[in-house]
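Student: Just passing along the structure, written as structure tokens.
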Amino acid sequence: MANSESLVPPQHIAIIMDGNGRWAKQRGLPRTAGHAAGAESFRRIANYCRTLGVKYLTVYAFSTENWKRSQDEIAGIMRLLRRYLEEALRDMEKNRVCFRFFGDLTRLSPQLQKLCLDAQSRSQDYDVQVNFCLNYGGRDEIVHAARAFADEVAQGKRSPEELTEGLFDNFLYSAGVPDPELVIRPSGEKRISNFLLWQSAYSEYVFMNVLWPDFTPEHLDEAIAEYHRRNRRFGGT
6 MANSESLVPP
16 QHIAIIMDGN
26 GRWAKQRGLP
36 RTAGHAAGAE
46 SFRRIANYCR
56 TLGVKYLTVY
66 AFSTENWKRS
76 QDEIAGIMRL
86 LRRYLEEALR
96 DMEKNRVCFR
106 FFGDLTRLSP
116 QLQKLCLDAQ
126 SRSQDYDVQV
136 NFCLNYGGRD
146 EIVHAARAFA
156 DEVAQGKRSP
166 EELTEGLFDN
176 FLYSAGVPDP
186 ELVIRPSGEK
196 RISNFLLWQS
206 AYSEYVFMNV
216 LWPDFTPEHL
226 DEAIAEYHRR
236 NRRFGGT
């Protein structure tokens, strides 16, 4: 097992929090119980990232495809998120974590939208940043950014020839946030599932055979150690 004190973590780690439903099924529990256990795992890992000095943590909380799930499961996920944000707002001065939300929030309830915007506004000057991908899809984000740029062209503010990768970054939900160096997917699945498609072009992916509710700081140490074993050439030699 890696010693977290001996390895400098990436400044930006992204995690696909996968396996809550299977964790619950293995125990004969409803899927909502798996999401509750997954929420506790998130708290544990977010706190650990802060102690390691990770500057950005991005988590896949709810995808654009997750609306296909049962209404009971969706409602349970939203209740957990609401509870977490209410607690975060209450403890914000103590924890000093900056919150950002990547995705289209307009489909959420007005109460949840307000909690998201309040958390984002009140925490904007804090140093450690947690990005929640909420009603998020990588393809949807790219389409949203393309439309925003096209709108500025239509208004005469820009010309098509101006578009570069750097400029396009500014139209993404993640504008101003550096790309993740490390993307972790627990649960044993080996897919990127429409997560940070643009931003993870040169990320190191680590797939792990552990369900998200069972993911521990030791697993994160292991993923960071694997990251350090990689030779990141960015297309060079």
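In terms of the numbering used here, the sequence shown opens at residue 6 and continues consecutively. For every residue, glycine included, the Cβ atom is placed at its ideal position computed from N, Cα and C.
On the CB-based measure, 16 or more other CB atoms within 10 Å of its CB, does Val135 come out buried or exposed?
Tutor: By the 10 Å Cβ count, Val135 comes out buried.
Student: Could you pull out every residue in the same chain whose Cβ sits closer than 8 angstroms to the Cβ of Ser205, ignoring the five residues on either side in sequence?
Tutor: Ala19, Asp184, Pro185, Val188 and Ile197.
Student: Per DSSP, which one or two residues make a beta bridge with Phe107?
Tutor: Partner(s): Cys138.
Student: Is Thr63 helix, strand or coil when you go by DSSP?
Tutor: Of the three classes helix, strand and coil, the one that applies to Thr63 here is strand, per DSSP.
Student: Would you say the segment 84-98 touches the segment 117-129, given that touching needs at least three Cβ pairs under 8 angstroms?
Tutor: The segment 84-98 is in contact with the segment 117-129.
Student: Among Ala44, Leu172, Arg55 and Ile50, which has the Cα closest to the Cα of Phe67?
Tutor: The shortest C-alpha separation from Phe67 is found at Ala44.
Student: At what residues does the alpha helix (DSSP H) containing Glu157 begin and finish?
Tutor: Taken as a continuous stretch (DSSP letters only), the alpha helix (DSSP H) holding Glu157 covers Gly143 to Ala159.
Student: Count the other CB atoms within 10 Å of the CB of Tyr232; is the residue buried (16 or more) or exposed (fewer)?
Tutor: Buried, since its Cβ has 16 or more Cβ neighbours within 10 Å.
Student: Please determine, among Ala29, Thr56, Arg48 and Arg95, the residue with the shortest C-alpha to C-alpha distance to Pro14.
Tutor: Here the closest residue by C-alpha is Thr56.
Student: If you follow the alpha helix (DSSP H) that Glu166 is part of, which residue opens it and which one closes it?
Tutor: Unbroken run through Glu166: none, as it is neither H nor E.
Student: Identify the residues that DSSP records as bridge partners of Leu187: which are they?
Tutor: The partner list for Leu187 (beta bridge, DSSP) reads Ile18 and Glu209.
Student: Is the beta carbon of Pro222 closer than 8 angstroms to that of Gly24?
Tutor: No, the Cβ-Cβ distance between Gly24 and Pro222 is not below 8 angstroms.
Student: So does the segment 70-77 actually touch the segment 88-105, counting three or more Cβ pairs closer than 8 angstroms?
Tutor: The segment 70-77, when compared against the segment 88-105, does not touch it at the 8 angstroms Cβ threshold.
Student: For the alpha helix (DSSP H) that contains Pro35, what are its first and last residues?
Tutor: No alpha helix (DSSP H) contains Pro35, which DSSP labels as neither H nor E.
Student: Is Met6 buried or exposed, if buried means 16 or more other CB atoms sit within 10 Å of its CB?
Tutor: Note on Met6: pLDDT 44, under 50, position unreliable in the model; no value is reported.
Student: Can you tell me where the alpha helix (DSSP H) holding Tyr131 begins and where it ends?
Tutor: Where Tyr131 is concerned, there is no enclosing alpha helix (DSSP H), given that its DSSP letter is neither H nor E.
Student: On the CB-based measure, 16 or more other CB atoms within 10 Å of its CB, does Ser75 come out buried or exposed?
Tutor: Exposed, because fewer than 16 other Cβ atoms sit within 10 Å of the Cβ of Ser75.
Student: Taking the beta carbon of Val148 as the centre, do at least 16 other beta carbons fall within 10 Å, making it buried, or is it exposed?
Tutor: The residue is exposed, with fewer than 16 neighbouring Cβ atoms inside 10 Å.
Student: Would Gln125 and Arg112 qualify as a contact pair, given that the criterion is a beta-carbon distance under 8 angstroms?
Tutor: No, the pair does not count as a contact, with Cβ atoms beyond the cut-off.
Student: Skipping 5 residues on each side, what residues in its chain have a beta carbon closer than 7 angstroms to that of Ser46?
Tutor: The residues are Trp217, Pro218 and Phe220.
Student: CA-CA distance, Val59 and Val102?
Tutor: Going by the C-alpha atoms only, they are around 12 angstroms apart.
Student: Have a look at the DSSP bridge pairing and note the partners of Val102.
Tutor: Note: Val102 sits in a beta bridge opposite Val133.
Student: Whole angstroms is fine: what's the gap from Ala159's alpha carbon to Asp174's?
Tutor: So the two alpha carbons sit approximately 19 angstroms from each other.
Student: Do the CB positions of Leu168 and Trp203 come within less than 8 angstroms of each other?
Tutor: It is not a contact, given that the beta carbons lie outside the stated cut-off.
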